[in-house]
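**Q**
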Amino acid sequence: MPQIYESALLDNYAQQITQRVVFVGGALTLPGLFLALSGLVRYEMAYYGAIASGVLAAIVLLVIWWMWAGQPAQLEVQADQLVIRRKWWRATRIPFTQITAITRLPLTVEMRHVRWATNVGVFGYQGVFISKLYGRYQCLASDRDCLVAISRANGLLFVVSPFQPAVFVAAAREAISAKAP
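Per this note's numbering, the sequence shown starts with residue 73, numbered consecutively.
1. Under the DSSP definition of a beta bridge, which residues are partnered with residue 90?
2. Give the secondary structure of residue 201 by DSSP, where H, G and I count as helix, E and B as strand, and everything else as coil.
3. Which residues bound the beta strand (DSSP E) around residue 223?
4. Measuring CB atoms only, is the segment 224-238 touching the segment 199-212, in the sense that at least three cross pairs come out at less than 8 Å?
5. State the DSSP-derived secondary structure class of residue 124, mapped to helix, strand or coil.
6. What separation, rounded to the nearest whole angstrom, lies between the Cα atoms of residue 119 and residue 102?
7. Following the continuous alpha helix (DSSP H) through residue 241, name the residue where it begins and the one where it ends.
8. Nearest CA to the CA of residue 220: which residue from 236, 195 and 90?
9. Any contact of the segment 129-140 with the segment 84-99, i.e. 3+ C-beta pairs under 8 Å?
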């Protein structure tokens, strides 16, 4: 029977970034709305302006939806692997045979890093990052105060953020030691 742990809620920084991107997407719909309400949309230049603002708003909406779909939702400690379930994307599985260590990162961890790919802030922190302290690491986290590092033998360091990091680390370590030959 897998042990299920909820992912941490978004931290303040991720909430602010998400709200700002949503605000920009909403603001992009206003020119088209105002042109339609004023009747000016029947003129060619205004029509194309309304279409352009609508397309930009749709792109922002698509990016927001894409980041929401990839947000981590649950972490499962199964008999032989860790599973990070996301909202709509496929789950990420890490077999215990690949895990060399699992530990909670301190709250004072150096958070200066460079995003290598995907997302930093909209609905959490997803993708590959580079830092001076850890090198390249993969992140599927939502709260920087609840970070847990999973060291893999044949891959990047993997960082997640369960709602109760200490309980998750203890359960994962227990399951890994029970699986060890």
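Beta carbons are placed, not taken as given, at the ideal position from N, Cα and C, and that holds for glycine.
**A** Looking at the coordinates:
1. Answer is none; residue 90 lacks a bridge partner.
2. Strand at residue 201.
3. Annotation for residue 223: the continuous beta strand (DSSP E) segment containing it runs 220-224.
4. Result yes; three or more Cβ-Cβ pairs closer than 8 Å.
5. In the displayed model, residue 124 falls within a helix according to three-state DSSP.
6. So the alpha carbons of these two residues sit roughly 13 Å apart.
7. For residue 241, the enclosing alpha helix (DSSP H) begins and ends at 237-251.
8. Closest by alpha carbon: 236.
9. Touching, yes.
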